[in-house]
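The letter at position 158 of the sequence shown is residue 158 when you use UniProt numbering, and the numbering goes up by one with no holes.
Yeah, the Cβ is synthetic: ideal placement off N, Cα and C, and Gly gets one too.
Here the structure is a predicted model, which is why all the values come from computation and not from measurement.
Heads up: the structure comes next, in structure tokens.
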Amino acid sequence: MNHGDMNHGGMDHGGMDHGGMKHGSGSSQCAPQMLWNSQIADTCVVFPAWHIHSPLQMMLSCLAITLISIAYARLLRYIKHTDRRTINEGYAPLPTENGYPTLGRMSLPNLGASREPSPVGTPTMYNPRFTAPPGRPDRRTRGIRAGLYTLTVAISFFLMLVAMTYNTYLFGAILVGSFVGHFLYEEIDYPTGQGKGLACH
1 MNHGDMNHGG MDHGGMDHGG MKHGSGSSQC APQMLWNSQI ADTCVVFPAW
51 HIHSPLQMML SCLAITLISI AYARLLRYIK HTDRRTINEG YAPLPTENGY
101 PTLGRMSLPN LGASREPSPV GTPTMYNPRF TAPPGRPDRR TRGIRAGLYT
151 LTVAISFFLM LVAMTYNTYL FGAILVGSFV GHFLYEEIDY PTGQGKGLAC
201 H
């Protein structure tokens, strides 16, 4: 009874140790890192479902992150163009007299006049089209602009979360996408000359 029933046949060898717990699983889990790393296997990108197991998956993930960064730069340019089009559609050009814009009967200052910046909405020799102070656009335009702004916030925070994996390859993909996107789509924004980067929204 002692040797045959309990020790060898029942619990030790067949039940728990060899069959049940130790060798049955084989599934990998996400391995989050809080320090700079070059880990490939078991790296998860933002979501548990985006689980990297192999170098090929890491390459494809880096490509996806690069394309998202480029798309972010393209979206910022689209928003700039949309704002310019909205402004252009909202203002009427001044009437002209002898080729110079006029305001009623009064002509604008001549070329020898002071070139100090004028208040917003005042017609100038450099910006003769805009004659009215800026106002609130209509509800449809505000809805479109709010949706585009929300999209930029979502993408920028998503890329921030990717950077917080502290993974060399994923962080490098963000940098490559930022460089390519800025090279392709960024425009000089006068008077500051500065564009909007990925670090803010």
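When the options are compared against residue i, the one with the closest alpha-carbon
i, options, result
"Met59", "Ile40, Ser156, Trp36, Val153", "Ile40"
"Val162", "Pro55, Pro137, Ser69", "Ser69"
"Ala64", "Leu184, Ile188, Phe171", "Phe171"
"Leu184", "Trp50, Leu76, Arg142", "Leu76"
"Phe179", "Arg74, Leu151, Val153", "Arg74"
"Asp83", "Tyr169, His51, Leu35, Asp138", "Asp138"
"Gln29", "Glu187, Gly147, Val45, Thr152", "Val45"
"Asn37", "Glu187, Tyr166, Gly177", "Tyr166"
Backbone secondary structure at residue i - three-state DSSP
i, result
"Thr165", "coil"
"Arg77", "helix"
"Ile155", "helix"
"Asp138", "coil"
"Ala132", "For Ala132, the predicted structure reports a pLDDT of 43, less than 50, and the residue's modelled location is therefore unreliable. The matter cannot be settled from this model."
"Glu89", "helix"
With 16 other Cβ atoms within 10 Å as the buried cut-off, status of residue i
i, result
"Gly26", "Summary for Gly26: the model assigns pLDDT 46, below 50, so the residue's position carries little reliability, and this model does not support an answer."
"Ile87", "exposed"
"Ala173", "buried"
"Tyr78", "exposed"
"Gly181", "buried"
"Thr66", "buried"
"Ser61", "buried"
"Thr150", "exposed"
"Thr43", "buried"
One or two residues paired with residue i in a DSSP bridge
i, result
"Ile52", "Thr43"
"Asn37", "Asn167"
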